[in-house]
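Chemist:
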Amino acid sequence: MSKGKYLEFHDLDSIVTIGSVRFNVYKNQIVGHIVQDTLNPDAQPIGDVTGRWMSPDPLSEEFPEWSPYTMSFDDPIKFVDPDGRAPLDYFDKETGKYLGKGGTDEIRLISKSDWDKGNLNNYSTKGKYLSDVAAKNIVSHYIQFTDKKIEKNVEVKINNNLDLSAKYDEKADKIVLNFPKEIIGGTIENRYDMINMHEHETFSHGNDHVKLWKNEHRKYERSKDGVRFEQNAVNYQVRTSSWNKTSYEFKETLYNAGYNNYISISDQNKYFIDVIKKLRK
Ligand SMILES: [Zn+2]
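Numbering-wise (numbering that gives the first Met the number 0), the sequence shown opens with residue 0 and increments by one.
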């Protein structure tokens, strides 16, 4: 459900209502009774245990394609939900085609036949063994999940030389994202890392490149535009909904590359606190 975002476990409740009985779960004792008003049909006691099932899944807004009333994506044999966290994303490692979700939020690469047979432990996470086409399809899958819709068409171009950057192709009127496939399974571990990468590169830089072309009819120049572009991108990405769920490695990579310096000190202390705490030790 929510990875700690919402209260979902009620183990701390000491007194629960079961029917019309108040029960202390620590002492194993009935501690009271609710007197029913039998004359008023609307005033019947509702146990607080049943009440938990009367609200939709708090993470449901992250999976708009699924009804909030479904459990385990309608496939409880393949998928279990022991602790209510968001599921894994599985991709066909040959083609990069999205297969489905299955228990943490890591990106997993698996063969279609293992997926079909339910051999979900036969996976890898390393993007460097993917074909460029497969990697392109995987990266492209996450464009749809940015907080705000990206107005231009986006083309993902895979490379092996650690070039992660966005450009605007004004002739084709599209944003081009250059993406190094080996960071899948490295800096980028889970779906939120991938989405947040798109918030920085594809959304923020992409839009800034488009704006520069529209307003000044020129291309990006690092010496003139570099600092402003990064300030915009980092200030934006830390405020999107995927930021809090990005992996520690993702945040540390940004921090070690100095991207934290593009936001204010108080924002650094807010958004990079895990990394700052760990590096202080
Ligand atoms: Zn950037």
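Where is the CB? At the ideal position from N, CA and C, for every residue including glycine. As the structure is a computational prediction, the values presented were derived from the model and not from experiment.
Measure the beta-carbon distance from serine 13 to asparagine 23 and round it to whole angstroms, keeping in mind my assumption that it falls under 8 Å.
Modeler: Rounded, the Cβ-Cβ distance is 6 Å, consistent with contact.
Chemist: If you measure between the beta carbons of glutamate 200 and tryptophan 242, is that distance less than 9 Å?
Modeler: Not in contact: glutamate 200 and tryptophan 242 (Cβ atoms no closer than 9 Å).
Chemist: Use the C-beta contact count for proline 40: other C-beta atoms within 10 angstroms, 16 or more gives buried, fewer gives exposed.
Modeler: Exposed is the call here.
Chemist: Beta-carbon separation of aspartate 91 and alanine 133 under 9 Å?
Modeler: Taking 9 Å as the Cβ cut-off, aspartate 91 and alanine 133 qualify as a contacting pair.
Chemist: If you measure from each residue's Cβ to the nearest non-hydrogen atom of ligand 1, which ones come out under 6 Å, in chain order?
Modeler: This criterion selects His199, His204, Glu229 and Ala232.
Chemist: Residues in its own chain within less than 6 Å of glycine 95 by CB, not counting five upstream and five downstream?
Modeler: Taken in chain order, the residues that qualify are Ala133, Asn136 and Ile137.
Chemist: Check glycine 225 in the structure and name its three-state DSSP category.
Modeler: Three-state result, glycine 225: helix.
Chemist: By alpha-carbon positions, which one of Tyr258, Ala165 and Val34 ends up nearest to glutamate 229?
Modeler: Of Tyr258, Ala165 and Val34, the residue nearest in Cα terms is Tyr258.
Chemist: Go through its chain and collect everything with a Cβ distance to isoleucine 264's Cβ below 7 Å, but skip five positions before and after it.
Modeler: Contacts found: none.
Chemist: Does DSSP put glutamate 220 in a helix, in a strand, or in coil?
Modeler: Coil.
Chemist: What residue from Asn160, Trp212, Thr124 and Ile157 has the CA that sits closest to glycine 185's CA?
Modeler: Minimum Cα distance to glycine 185 is reached at Thr124.
Chemist: Taking the alpha carbon of glutamate 105 as the reference point, which residue from Asn234, Lys156 and Asn189 has its own alpha carbon closest?
Modeler: Nearest C-alpha to glutamate 105: Asn189.
Chemist: For the alpha helix (DSSP H) containing threonine 16, name the first residue and the last one.
Modeler: Careful: threonine 16 lies outside any alpha helix (DSSP H), inside the beta strand (DSSP E) at 14–17.
Chemist: Within 10 angstroms of the Cβ of aspartate 88, are there 16 or more other Cβ atoms? Answer buried if so, exposed if not.
Modeler: Aspartate 88 should be labelled buried.
Chemist: My output table needs one value for lysine 135: the three-state DSSP class, helix, strand or coil.
Modeler: It is helical.
Chemist: Whole beta strand (DSSP E) runs in the segment 134–166 with 3 or more residues, listed along the chain?
Modeler: Those beta strand (DSSP E) runs which fall completely within the segment 134–166 and span 3+ residues are 152–158.
Chemist: Is there a Cβ of chain C sitting closer than 9 Å to that of threonine 124, yes or no?
Modeler: Checking the listed chains, one finds no chain C in this structure; it contains a single protein chain.
Chemist: Here's the rule I'm using: 16 or more other beta-carbon atoms within 10 Å means buried, otherwise exposed. How should threonine 37 be labelled?
Modeler: Classification of threonine 37: exposed, given that the 10 Å Cβ count is below 16.
Chemist: Does the distance from the CB of alanine 165 to the CB of glycine 205 come in under 9 Å?
Modeler: Going by C-beta atoms, alanine 165 is nearer than 9 Å to glycine 205.
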